[in-house]
Amino acid sequence: MKAPQARTWVLLVYKVPREPTSHRAYVWRKLKRLGALLVHDAVWVLPATPWTQEQLQWLAVEILELGGDAHVWVSHELLVGQEEALIQQFQQRVDTVYQEILHALKQEDVDLIALSRKYQQVKMQDYFQSEQGELVRTQLLSARGGRDV
Numbered sequence: 001m002k003a004p005q006a007r008t009w010v011l012l013v014y015k016v017p018r019e020p021t022s023h024r025a026y027v028w029r030k031l032k033r034l035g036a037l038l039v040h041d042a043v044w045v046l047p048a049t050p051w052t053q054e055q056l057q058w059l060a061v062e063i064l065e066l067g068g069d070a071h072v073w074v075s076h077e078l079l080v081g082q083e084e085a086l087i088q089q090f091q092q093r094v095d096t097v098y099q100e101i102l103h104a105l106k107q108e109d110v111d112l113i114a115l116s117r118k119y120q121q122v123k124m125q126d127y128f129q130s131e132q133g134e135l136v137r138t139q140l141l142s143a144r145g146g147r148d149v
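Listed below in structure tokens is the structure:
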């Protein structure tokens with residue numbers, strides 16, 4: 001029997017000067033938009049895909065241009081159980097937003113455009129294809145009369 005193949009992760013470790021604080025906020029917002037998880041101080045992780053690697057490399061370049069220091073690594077998780085915990089954290093984050101969308105769809109006078117936009121944003125962070133995401137997509141399609149989300 002074959003052992004399961006370890007996933008690959010991309011990590012960003014960075015340091016941005018304290019002033020101006022807008023630089024720190026800029027980097028933080030970009031990482032949040034990507035759906036990165038903070039694993040320790042200024043160490044952020046994403047599942048390694050060509051897209052996430054490229055995004056973190058570009059962000060590292062931007063950090064350097066802001067006068068900071070940044071390093072990007074591609075890694076395999078080596079300790080048993082830690083990889084599954086990371087995956088669960090990624091899934092919990094997107095499932096929370098998916099649940100918010102499902103709840104909002106049950107309300108009267110729901111703003112389907114805003115919910116569709118929210119769905120698109122969270123779908124970009126759904127690196128492990130949550131079952132909740134497909135349910136949200138189906139219900140949004142139904143609410144929109146079959147028009148794609």
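Those letters in the sequence shown? Residues 1 to 149, per the UniProt record's numbering, in order.
Just so you know, even glycine gets a beta-carbon here, dropped at the ideal spot from N, CA and C.
Check	Outcome
Check whether Leu112 and Gln139 have beta carbons under 8 Å apart	no
Separation of Leu34 from Met124, as counted between CA atoms	7 Å
Length of the line joining the Cα atoms of Leu64 and Gln99	38 Å
For Thr8: DSSP bridge partner residues	His76
Beta-carbon proximity check, Leu11 vs Trp73, cutoff 8 Å	yes
Range of the contiguous beta strand (DSSP E) that encloses Leu38	Leu37 to His40
Cα-Cα separation, Ala36 to Ala143	30 Å
Distance CB(Gly68)-CB(Val94) smaller than 8 Å	no
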